[in-house]
Structure formats: C-alpha cells, structure tokens
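Residue numbers for the sequence shown follow the working numbering, beginning at 741 and rising by one. Ideal Cβ positions, reconstructed from N, Cα and C, are used throughout, including at glycine. Below: the structure, in structure tokens.
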Amino acid sequence: MTTDLPTEHAADDRLLLARTRRGDRDAFSDLYARHVTPVYWQAYRFVGTAHDAEEVTQDVFVTAWRRRADIHLVDTSVLPWLLATAKYVALNLRRKRSRRLWAELDDSLPSADQDPVDEIVSAMLLARVRASVAGLSPLDQQLFERCVVGDRTYAEAADELGVSHGAVRNRVARIRSRVRAATHDLRGPA
C-alpha cells in the first residue's frame with residue numbers, strides 16, 4: 741500500500757508554487773490551505789503549546805511568502821520545505837524564550853549596586869537554580885518554565901503537556917523542593 745499523493749495533487753503543488761513565485765496571492769492561499777495543518781502539528785511537536793504553534797505556523801508562512809523564490813520542491817511537494825522551516829522556527833522560538841526566561845530570572849536577583857557579598861550570593865543562587873533545573877527531566881524542565889517561572893496554572897500546563905493535573909501538582913512540588921534543597925545554605929531567613 742502506498743501513501744503517495746495523487747499526481748494531480750503533486751502537479752497542483754508545482755503549479756501553485758510557480759504561480760506563487762510570480763506573486764499570485766490566491767495560489768499562495770491555496771498552498772496555505774493545503775499545508776497549514778501538518779505545519780501546525782510539526783510546530784506543536786517542538787513548542788508544545790497551541791499558542792506557540794500558531795505563532796510558529798504564521799512565521800513559517802510569512803517566511804514562505806518572503807522567500808517564495810527559494811522554496812525547493814521535494815518529490816513535487818512544498819510540504820517538506822515547510823516542515824523543515826517549521827522545525828527551525830520552532831527551535832529558534834524555544835531558544836529565544838529560554839534566553840528570556842533566564843534573563844528575567846537574572847533581573848529578579850538583587851541589583852549590582854548592593855553589597856558585593858549579596859551580589860556573589862545571588863550569582864551562586866542563580867547558578868545552583870540553573871544546575872538544579874538542568875538536572876531535571878525534559879518534562880520537569882518544561883513544568884519549571886511554565887509553572888514556576890511562567891504564569892501557567894497547573895491545569896493549563898497539564899493540558900499543554902498531556903499529563904494529569906495531579907501529576908503536574910506533584911512534579912512542581914518536587915521541583916520546588918529540589919530547588920529549595922539546592923539553595924538552602926545560600927538563602928537568608930524566610
């Protein structure tokens with residue numbers, strides 16, 4: 741049993757891309773309609789949230805329009821190019837969010853104009869938190885980013901990650917406990 745696209749569909753991709761390269765927005769709309777769903781799910785696979793997957797999907801098609809002359813057909817389809825682009829856009833978004841997350845964590849530490857000892861302790865706290873989080877499973881790292889640093893509720897994180905509310909609650913409690921244990925000697929009295 742083969743899952744090849746019918747010749748008519750493949751020819752349509754070639755024709756639609758040729759028309760798109762000439763600036764035909766209707767042809768591009770047809771390509772979008774044909775491929776938006778697999779692009780969305782590819783993005784979702786890498787970013788894990790519907791909102792981020794929608795953002796990535798939008799960026800992929802904006803990129804496709806801007807770079808329409810550079811799109812390469814693979815077996816007469818633009819889909820492989822779109823899926824590869826979705827992967828790279830999604831990974832870039834994850835890196836950007838991760839950098840922003842750590843920058844926000846850095847910003848939440850006491851400012852540099854404080855006592856030098858406080859500055860050193862803050863840097864040590866941040867290093868310990870980072871090391872503790874780096875040792876977590878990928879799921880627990882996502883929960884840390886979403887629930888501890890981010891603004892997601894346990895229910896939202898459970899829906900986004902496909903786990904139960906109870907599992908999120910237990911894992912986040914364990915994460916918080918692990919971070920507290922890793923930093924207990926550096927924190928002042930509560």
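(request) Please classify L757: is it buried, with 16 or more other beta-carbons within 10 angstroms of its beta-carbon, or exposed? (result) Numbered from its first residue, the sequence shown carries residue 757 at position 17. The residue in question, L757, is buried, as its Cβ has 16 or more Cβ neighbours within 10 Å.
(request) Using three-state DSSP, classify S904 as helix, strand or coil. (result) On the sequence shown, position 164 is the one that residue 904 refers to. Per DSSP, reduced to three states, the secondary structure at S904 is coil, with no helix or strand assignment.
(request) Answer with buried or exposed for L823, where buried requires no fewer than 16 other C-beta atoms within 10 angstroms of its C-beta. (result) For the purposes of this step, residue 823 is taken as the residue at position 83 of the sequence shown. Its Cβ being crowded by 16 or more others within 10 Å, L823 is buried.
(request) Could you name the residues that DSSP lists as bridge partners for V814? (result) Residue 814 sits at position 74 when you count from the first residue of the sequence shown. BP columns for V814 point to S817.
(request) Kindly give me the distance between the Cβ atoms of Q882 and L866, rounded to whole angstroms, as I take these residues to be in contact under 8 angstroms. (result) Residue numbering aside, residue 882 sits at position 142 when the sequence shown is read from its first letter. Residue numbering aside, residue 866 sits at position 126 when the sequence shown is read from its first letter. Between Q882 and L866 the beta-carbon gap is near 20 angstroms, outside 8 angstroms, which marks them as no contact.
(message) DSSP three-state label for R911, please.
(response) Counted from its first residue, the sequence shown places residue 911 at position 171. If DSSP states are grouped into helix, strand and coil, R911 belongs with the helices.
(request) Taking all protein chains shown into account, decide if W821 is buried (16 or more other Cβ within 10 angstroms of its Cβ) or exposed. (result) Position 81 of the sequence shown, counted from the start, is the residue given in the question as residue 821. Counting Cβ neighbours within 10 Å, W821 comes out buried, since at least 16 surround it.
(request) Give a yes or no on whether the C-beta atoms belonging to Q905 and A895 are separated by under 8 angstroms. (result) Residue numbering aside, residue 905 sits at position 165 when the sequence shown is read from its first letter. Residue numbering aside, residue 895 sits at position 155 when the sequence shown is read from its first letter. According to the sequence provided, residue 905 is His. The question's Gln does not apply to it. A contact, by the Cβ cut-off of 8 angstroms.
(message) Determine whether the beta carbon atoms of A793 and V802 lie at a separation below 8 angstroms.
(response) Your numbering for residue 793 matches position 53 in the sequence shown. Your numbering for residue 802 matches position 62 in the sequence shown. Cβ atoms of A793 and V802: not closer than 8 angstroms.
(message) Rounded to whole angstroms, what is the Cα-Cα separation between L745 and V903?
(response) Within the sequence shown, residue 745 is the residue found at index 5, counting from 1. Within the sequence shown, residue 903 is the residue found at index 163, counting from 1. Caution is warranted here: a pLDDT of 46 is assigned to L745, below 50, making its placement in the model unreliable, and no coordinate value can be reported.
(request) Compute the beta-carbon to beta-carbon distance between V800 and I811, rounded to the nearest angstrom, for a pair I have assumed lies under 8 angstroms. (result) Taking the first residue of the sequence shown as 1, we reach residue 800 at position 60. Taking the first residue of the sequence shown as 1, we reach residue 811 at position 71. Incorrect: roughly 11 angstroms between the Cβ atoms, too far for contact.
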